[in-house]
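Chains as they are written, first to last, in our numbering: chain V, 58 to 655; chain F, 882 to 1484.
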């Protein structure tokens, strides 16, 4: 079908681009193409995200591979005129190298993409996720066909085992072995579940995948179901992901229509169907036993393992749970072979990993890289370095319960083992970059504050321990800490990590432990010197006006809600520390950087 | 059998057991809080953590949930384990600083003060989930559950609001290890119907009985209530008693059954019933919870009773004044004219108990003090010396006074005549005990008909002779024992029953008995099956043979009274040795003196 068109204009419809104005721009684009009489030659396609979220709305023009950033309705006529009619690049809309401002028109050449290796997200942003034919056109469902016609289930499991694929949900358990457990568990009725309950704040790998390539997940699940002898699957997707839910539903309907899901798939006699269950969005429901409880209609509380879900899972039946990203890996492994797959990555961590790169980097977005890439490459090459030319301070991997890794370890290869060694986790792939203006004590406090509310409260260490750790951290950020607190914190953190029931509690102390390990001096500064080196903790900072820089414009004086600033016109102003509430408004409004923190 | 090691010691357990179960079997101490042997493992408190060093998932694991496995190596008191338990107990103590159980557990690990700031000094709930799991797994009422998350987690019914789904069984209160749940019964609760009923659904009706067999009160038993409430939909609730009974003696499907036994003799010992004092309105029985019968007083003062043996008013206060009224329903032509014989002595005993347990003033309204037995008079004197005020004269009326001084409860006024003083008296008391009469059971007439017994005027079964044959009845082989025959106290009953038993044994010992040959026989050819004789037979000796449509006389029972023979309309019954011809011949024999010519006698 695609051959009939001269060009495809791919418009990203992810929520980030939508918020930036993608739908209106797309309407305009379609209208313009129509008006120019190009409708027969040029096709405008809605796609999922290609991951370059800080630059949305993104438009990619195929087959040239031009990538235009921040395209708005006003840019449409020029884009159509120049690129679609005359075949020229609109330089104004291309990505500019931040340092040199050099335009890079083709997306493959943009550093953000050039170091990436898109295996799982191979189709995201390049096909219309709501059209099964586009997925089939790029080789979709070939793997399923291969498996159903020529591979016995044991061989499929063997292939997955050989690939070295490990669970992408965070814990990194070898997928093939997990499948084998489920296959060998006694019982006729078994279930598989795709975990799409992405709860980490700021992470959107699962969402983008479900939105951008739902068929890859479905195909992976169907292959897994065949391998494990399962006829019923569930997708647990958080309700906050309406587009993911819509695209998945459309994909399932189309798959059933095409005989790729339901009874007698591809005439092989194998039956499998999937049902979507919407989660109410509790962070802890990403934990597999809590997810099972939620799926059964109970409150999402985890339970101790063993028994593992493979022994007794959903409604007491053997159940296999894998992250949506793990499922999406399967068709690639089948198509290209385990040997191809296990060449990617490191000794113990095979394949690629998707990260949502956020925080103080220039290029925030979704990136897929081979396992073993260094943090430096991830942050500085792909992420384009730290924003506003500031200093890198730390990077937190693995979501809110990951650890903070300092600059010394920037050359650490990213895989399950190395991250664990450094006191962090792979998690499901959140990467938060922090610059010199981040206070590490405050960061630890911030994540514990999140986890305090997300702990289900079932087990004592997690429920009570997080509260007490948070209390101590809050005290320290208020300048009321004592050196003995650090020891208490370490003991508490160690026990919460070791004695908690589920993964949430077992990883919750990571931000505390890792900041204590790498940034102990900041804690000491808070406790002994009563100073916050990063200038974040309000109780420990003071705003003052640098006399030499102050022009006496009076803007800060007018904006100060406490009337704490005084001074004559055109004379340097002064802040009265007794009245100042450290809201920072003066600092933000000053056009001469005359307001400083100490 | 699975062999593994705990603290270096080789232990064995069955497949499927947990580390905790095997450790406890081997006397290895592991502290627990949320573990309960009757509930599904929960693994929430993390107090029972042990360290697994080999053969399993390494690290700290909860002993209450972790299944044993071959070659497992477990440490129950390694430094890691001790540190974790200490921190967990410190956290719990900081949550609930005033819960004794947690204080005790913490003390064992050297923690005497909450190590962290506490802002909930009144908190009692440790979120162990005993109540939640009991309500869902056992009671199956599904009322209690956890709500909220993290530190806000709490236990309660949906939306923390009152719910009609709660059956008020109180199981949550019982299992709560920290006393965090209080059961507040509303007015319509099941217990209101049984103010002095059993405190537990399984109870021993008679502590003195041998064997002392407990019974299930199906009105309060959770299993039976859930079954009744849901029309059998929830038929397997609770069952805790069955789970823990080592003898396997609990059977919920037990039904009343009818046993058919062939016996040689029968002792009728059907006892008595208490007369209902509500029949005489002057005693105001039922108008105040503090007007009780002597039997209810016994429940109240029983150490296994609802107040644990304390004598309390309905509102839980101790009474300050108590009146005991004798002869309620006895020696009264409006009720029973006879003396119930036991009331004087039990009233004195109760007066003694009230004095002893509460120190309250006691007023005994009596007509005559019938302290007839051995040492009875001496007891009467002792009670008098204890300061019980004796008022000679029937308590005529009990009046429930209007509540005074804004109090919810009301005083009771007892009026009567003091015959010794010759004037009317009245006394205001907190509690009135009515010494009610005992009477024959309400179904005594059916028992009488069954065994061919007669009843005396008072309704009790009549003995064959009041002086000479006090345990026999007019039916051979049927004897009376105890109050079935008439009011009597315990020693008299024991003596009476002993006599009945020896009479019965004497008969049984013979093996067979010689009976008089003068009995009735039915000529089955003549019998028309009208059944006239069956109703008339005073010894229930005639039965009806359905197949033949004839009456037949039981030769062992027939006394040869001849009633049936006289009444038989078909002339089918003859009394042996008293046939019409024999009687006629005897008459003729008598008259032979007058008529010398002999008439041929007989045939």
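All residues carry an ideal CB built from backbone N, CA and C; glycine is no exception.
- In terms of CA proximity to residue 568 (chain V), V:523 leads the group V:151, V:523 and V:541.
- Contact annotation: residue 286 (chain V) and residue 181 (chain V) have beta-carbon atoms that are not nearer than 7 Å.
- Excluding residues up to 5 positions away in sequence, 233, 236, 237, 240 and 284 lie with their Cβ nearer than 7 Å to the Cβ of residue 214 (chain V) in the same chain.
- Interface with chain V (7 Å Cβ-Cβ cutoff): residue 983 (chain F) is excluded.
- Judged by DSSP secondary structure, residue 191 (chain V) falls within the alpha helix (DSSP H) whose first and last residues are 189-194.
- When CB distances to chain F are screened at a threshold of 9 Å, the residues of the region 501-525 of chain V falling below it are 508, 509, 510, 511, 512, 513, 514, 515, 516, 517, 518, 519, 520, 521, 522, 523, 524 and 525, in chain order.
- At least 7 Å separates the CB of residue 1006 (chain F) from every CB of chain V.
- Residue environment: residue 1207 (chain F) is assigned as buried (16 or more neighbouring CB atoms within 10 Å of its CB, all protein chains considered).
- In terms of Cβ geometry, residue 1345 (chain F) and residue 1353 (chain F) form a close pair [threshold 7 Å].
- Secondary structure at residue 1380 (chain F): helix, using DSSP grouped into helix, strand and coil.
- Looking at the DSSP output, residue 1455 (chain F) bridges to F:1402.
- Put simply, the backbone Cα of residue 1450 (chain F) is about 13 Å away from that of residue 1415 (chain F).
- Under the criterion of beta carbons closer than 8 Å, residue 1201 (chain F) and residue 1241 (chain F) qualify as touching, at roughly 5 Å.
- Contact between residue 403 (chain V) and residue 472 (chain V) holds: CB atoms are separated by about 5 Å, below the 8 Å threshold.
- Against chain V, the beta carbon of residue 885 (chain F) has no neighbour under 7 Å; the closest one sits roughly 15 Å away.
- In this structure, residue 1389 (chain F) places its C-beta atom within 7 Å of the C-beta atom of residue 1146 (chain F).
- Using a Cβ-Cβ cut-off of 7 Å, residue 968 (chain F) counts as an interface residue toward chain V, since at least one Cβ of chain V sits closer than that to its own.
- The C-beta separation of residue 491 (chain V) from residue 450 (chain V) comes to about 5 Å, placing the pair in contact by the 8 Å criterion.
- A direct Cα-to-Cα measurement between residue 635 (chain V) and residue 540 (chain V) gives close to 28 Å.
- Sequence-distant Cβ neighbours of residue 85 (chain V) in its own chain, meaning closer than 6 Å and more than five residues away, are 130 and 133.
- Within the same chain, and ignoring the five residues on either side of residue 1085 (chain F) in sequence, the residues whose Cβ sits closer than 8 Å to its Cβ are 1093, 1094, 1095, 1096 and 1185.
- Boundaries of the alpha helix (DSSP H) around residue 1228 (chain F): 1224-1239.
- One alpha carbon belongs to residue 309 (chain V), the other to residue 1032 (chain F), and they sit about 40 Å apart.
- At a cut-off of 7 Å between beta-carbon atoms, residue 558 (chain V) makes contact with chain F.
- Along the length of the region 1198-1222 of chain F, whole beta strand (DSSP E) runs at least 3 residues long occupy 1202-1209, reported in chain order.
- In the DSSP assignment, residue 64 (chain V) forms a beta bridge with V:99.
- The Cβ-Cβ distance between residue 973 (chain F) and residue 545 (chain V) does not fall below 7 Å.
- Among the bridge pairs identified by DSSP, residue 1346 (chain F) is matched with F:1350.
- Under the three-pair Cβ rule at 8 Å, the region 314-324 of chain V does not count as touching the region 347-363 of chain V.
- Short of 8 Å from the beta carbon of residue 1426 (chain F), and not among the five residues preceding or following it, lie these beta carbons of its own chain, in chain order: 1432 and 1433.
- At least one CB atom of chain V sits nearer than 7 Å to the CB of residue 925 (chain F).
- If you ignore the 5 residues before and after residue 582 (chain V), its C-beta comes within less than 6 Å of the C-beta of 588 and 590, all in its own chain and listed in chain order.
- When only Cα atoms are considered, residue 289 (chain V) and residue 919 (chain F) end up about 34 Å apart.
- Cβ-Cβ separation between residue 554 (chain V) and residue 925 (chain F): approximately 17 Å, too far for a contact (criterion under 8 Å).
- At a beta-carbon threshold of 8 Å, the residues of chain V lying near residue 940 (chain F) are 555, ordered along the chain.
- The residue from V:224, V:264, V:230 and V:272 with its alpha-carbon nearest to that of residue 192 (chain V) is V:272.
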